[in-house]
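If you're matching them up, the sequences are chains A and B in order. Those letters in the first sequence? Residues 1 to 281, per full-length UniProt numbering, in order. Those letters in the second sequence? Residues 1 to 429, per full-length UniProt numbering, in order.
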Amino acid sequence: MNLTGRARPVADPAGRLVARSGLPTGASPRWEPPVTPLLDVRGVDKSFGPVQVLHEAALSVHPGEVTALVGDNGAGKSTLIKCLGGILPMDAGDVLFEGRPVRVSGPRDAAELGIEIVHQDFALCDNLSVAENMFLGRERRRGLVLDEADMERRAAQALAALSIRTVGSVRRPVGSLAGGQRQSVAIARAMLWGSRVVVLDEPTASLGLAHAQQVLEAARKLADRGLAVVLISHNMNDVFSVADRITALFLGRTVAQVRASEVTHTQVVELITSGRVTPTL
Amino acid sequence: MSIRTNKEAAVKVAANLADSGFAADRREQTLGTALTDYWTRVRSGDLGSLPAILGLVALVTLFTVLRPETFLSKGNIANLFVQALPVTILALGLVFVLLLGEIDLSAGVASGVCAAVMAKLIVEAGQPWFVAVAAALVTGLVIGTAIGALVSLVRIPSFVVTLALFLGLQGITLRLIGDGGTVPVRDDVVVALANRNMPIWLGWVLALVCVAGFAAVELLRHQRQRKRGLAGRPFGVTAARITVLAVAVLGGTYLLSLNRAATPSFDLRGVPWGVPLVALLVVVCTFVLGRTVYGRHVYAVGGNAEAARRAGINVTWIRMSVFMIGSFLAALSGIVLASRLNSVTPDLGANTTLLYAVGAAVIGGTSLFGGKGRAHDALLGGLVIATIDNGLGLLGAKAYANMLITGLVLLFAASIDALARRRRAATGR
Ligand SMILES: Nc1ncnc2c1ncn2[C@@H]1O[C@H](COP(=O)(O)OP(=O)(O)OP(=O)(O)O)[C@@H](O)[C@H]1O
Ligand SMILES: [Mg+2]
């Protein structure tokens, strides 16, 4: 294993990476005092009927950092973030927000905590316009009446801030947009709410190169602004270019929560495919 | 985002909007571009009110040619309006249900039960009209709540729930009225709904209020969009919309204000009382669907229920509420129908009633697939259906032909809906 120039991860006898946030790894210069994560989910179990999809899965996200959540297809990444977003009820597990235990029993609870999720399937209503989608469930109004003009203006701002200009009009029905444009709308919606935690479930999957780069930069910018960002991705280059931490899921189990600087490309791939790192050397 | 970042974004937005940014939101529309836009929308399957208007023109032409003396007579035009009242109200309720992609097959017979409740209370319990009408409306709400609960909580498909109620509610009406029975409705207020006319002056006042209100709303919107620098309809289109509505409303009022009595010694003129009722309902429903958070959520659930749920919308409640609105309006429709027929029979609201109402909503432009439809669809479609019914009556069509034609009209409307939807999918709208 090539560990040149990188701090060596700590492996337990089973070969599992056990490094956690700020875990001192010898004389690593990157040692930091442990801090409470902004959002910390632990011991999440989730079954669909007889099939248990998550087994005591865990995920910690820190403000000002991008945490990459990686794992093979069907590892349970989307399920885990749906659980923490209150979209799926979890069978067991704890959610700590700023160290305080909280209950997230619905999407509204998550929104109140400031958790925004960009879903893998975008979760947009095709029959509504771009602006209407971006404010769905949180419409602005004056008295009884919807304040369309205000919502359209803010939606255009959010899209412009992401340098998304291909949408053309915020009044276009989302159904008439191409895949990448829909994804952009979903991302802009999450950013609009300027929350504290932004979860991006494979946000670059249907984007062109330039645009994917923009989204990654936007994720980085959000983190630099102090938000906690979770990025789900299958692309290791993307992961290593923006992530501070990496959490790996394997068959519904969290097999590693490490700093990106502590692992190599190959090790992460190994974690994804086999759930463990072969203790070579 | 914090206020600060919003401000940053605002600065950026000014720069971005200036170039290609959201050019389409800023582009000054002209009458020409507005027409091309409309034509593009129609071609891509977003037909709007076009089928209903074309259908209405075609039917009026057809029946005028076939029955030149009677069809366009003053008396028949008034008749046509009154005929359109109950079907429009019923269709209005169905628009809400159809917007979620659900169906209420029991809406027609629910109107029958509610009318029966009202008639029995007036005739047999001697209650005043307002008590009877309130009881009928509450009955509608109860039926709607039951359907809504079974659909949204138990999650039985609405098709099955309302098919069961279709039979069950007819049983209740039969039990209330008795086999072959008739309960006459003679209460002045109830009878007046479909059989009496407003004073001429009141008709004109309401018509003018209606036109002025519409013009004010349109002009205000135009002005506000101008002020905020958002693109809106060009003034020509706004003016045209106001003109069309004014011609329709004032023209209708004029026709209904002419003496339409068969014998010259009689004086029969004025707008029937039911017309402003329907107008009010359409205005309220348009407002609710287009301007309120509730309406927005109805469209959202109809478009993508899971996305709506993830956005924190209470999907269960929205599902439940549309059935409540549907059955409430069905009750109102039953009251108007009873008024028009001057009686309640066990088959009130049965037979073609529901088919007519679904047909009206769909012809008007409401999709059976959910997520698409407006309140005025019910009005336009209701007029089309009433014209068909009225014209076939004048032609002396036999009952079998009537049924056949009604069935075909519904299938035709549903085909347009399905084809337009495919067209929208193909062109990505
Ligand atoms: N609603 C559901 N009902 C039943 N099984 C489900 C459901 N949602 C997910 N699963 C199952 O749970 C497992 C994890 O799915 P999940 O979508 O979380 O994977 P993922 O890690 O996001 O994969 P991908 O990278 O392909 O998006 C899969 O085996 C999937 O089949
Ligand atoms: Mg996934």
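C-beta atoms are modelled at their ideal positions from N, C-alpha and C, and glycine is treated no differently. Every value quoted in this text rests on a predicted model; they were computed, and no experiment measured them.
Any C-beta of chain A sitting closer than 8 Å to the C-beta of residue i?
i: residue 372/B; result: yes
i: residue 313/B; result: yes
i: residue 292/B; result: yes
i: residue 69/B; result: no
i: residue 101/B; result: no
i: residue 55/B; result: no
Between residue i and chain B, is there a C-beta pair that is closer than 8 Å?
i: residue 83/A; result: no
i: residue 223/A; result: no
i: residue 89/A; result: no
i: residue 106/A; result: yes
i: residue 179/A; result: no
i: residue 128/A; result: yes
i: residue 119/A; result: yes
i: residue 200/A; result: no
i: residue 103/A; result: no
i: residue 210/A; result: no
In this structure, how does DSSP classify residue i when only helix, strand and coil are distinguished?
i: residue 54/A; result: strand
i: residue 89/B; result: helix
i: residue 13/A; result: At residue 13/A the pLDDT is 41, less than 50, meaning the model places this residue with poor confidence; the figure from the coordinates comes in the next sentence. Residue 13/A: coil per DSSP, three-state reduction.
i: residue 257/A; result: strand
i: residue 261/B; result: coil
i: residue 247/A; result: strand
i: residue 197/B; result: strand
i: residue 102/B; result: coil
i: residue 48/A; result: strand
i: residue 93/A; result: strand
i: residue 156/B; result: coil
i: residue 197/A; result: strand
i: residue 231/A; result: strand
i: residue 27/A; result: Caution applies to residue 27/A, whose pLDDT of 40 falls short of 50 and renders its modelled position unreliable; the value that the coordinates give is listed next. Coil, per DSSP.
i: residue 268/B; result: coil
i: residue 111/B; result: helix
i: residue 341/B; result: helix
Tell me the rounded alpha-carbon separation between residue i and residue j.
i: residue 39/B; j: residue 80/A; result: 46 Å
i: residue 228/A; j: residue 54/A; result: 23 Å
i: residue 273/A; j: residue 248/A; result: 10 Å
i: residue 193/B; j: residue 377/B; result: 22 Å
i: residue 105/B; j: residue 167/B; result: 10 Å
i: residue 64/B; j: residue 72/B; result: 7 Å
i: residue 275/A; j: residue 72/A; result: 10 Å
i: residue 438/B; j: residue 185/A; result: Because chain B spans 1 through 429 in this model, residue 438/B falls outside it and cannot be assessed.
i: residue 128/B; j: residue 137/B; result: 15 Å
i: residue 281/B; j: residue 424/B; result: 30 Å
i: residue 265/A; j: residue 241/A; result: 11 Å
i: residue 221/B; j: residue 149/A; result: 10 Å
i: residue 50/B; j: residue 364/B; result: 8 Å
i: residue 447/B; j: residue 375/B; result: Because chain B in this structure spans residues 1 to 429, residue 447/B falls outside the shown range and cannot be described.
i: residue 430/B; j: residue 349/B; result: In the structure as shown, chain B starts at 1 and stops at 429, and residue 430/B therefore has no counterpart that could be examined.
Using the beta-carbon count (16 or more within 10 Å), is residue i buried or exposed?
i: residue 273/B; result: buried
i: residue 177/A; result: buried
i: residue 13/B; result: Caution applies to residue 13/B, whose pLDDT of 41 falls short of 50 and renders its modelled position unreliable; the model cannot decide the point.
i: residue 257/A; result: buried
i: residue 415/B; result: exposed
i: residue 299/B; result: buried
i: residue 259/B; result: exposed
i: residue 263/B; result: exposed
i: residue 122/A; result: buried
i: residue 223/B; result: exposed
i: residue 56/A; result: exposed
i: residue 158/B; result: buried
i: residue 175/A; result: buried
Could you list which residues in chain E have their beta carbon closer than 8 Å to that of residue i, in chain order?
i: residue 145/A; result: The chain labelled as chain E is not found among the protein chains of the depicted structure, namely A and B.
Are there any heavy atoms of ligand 4 lying less than 7 Å away from the beta-carbon of residue i, as far as the coordinates show?
i: residue 201/A; result: In the structure on display, ligand 4 does not appear, and the ligands it does have are ligand 1 and ligand 2.
task: Taking 8 Å as the threshold, find out whether the segment 185–192 of chain A comes into contact with the segment 66–81 of chain A through three or more Cβ pairs.
output: Too few Cβ pairs lie closer than 8 Å, so no.
Meets three-Cβ-pair contact criterion under 8 Å: the segment 376–385 of chain B and the segment 314–328 of chain B: no
Taking 8 Å as the cut-off, does the segment 130–143 of chain A touch the segment 215–225 of chain A (at least 3 CB pairs, one atom from each stretch)?
no
**Study point:** Given 8 Å, three or more beta-carbon pairs between the segment 88–105 of chain B and the segment 148–166 of chain B
**Key:** yes
Report yes or no: do three or more beta-carbon pairs, one from the segment 141–148 of chain B and one from the segment 75–86 of chain B, lie closer than 8 Å? Flag = no, the segment 141–148 of chain B and the segment 75–86 of chain B do not touch.
Report task. Count the CB pairs spanning the segment 145–161 of chain A and the segment 101–119 of chain A that are closer than 8 Å, and state whether there are at least three. Result -> Result no; under three Cβ-Cβ pairs closer than 8 Å.
Examine the Cβ distances between the segment 392–410 of chain B and the segment 90–104 of chain B and report whether three or more of them are shorter than 8 Å.
no
- Query: Three or more C-beta pairs closer than 8 Å, one from the segment 107–118 of chain B and one from the segment 304–311 of chain B: is that the case here?
  - Reply: Touching, no, given that fewer than three Cβ pairs across the two stretches are closer than 8 Å.
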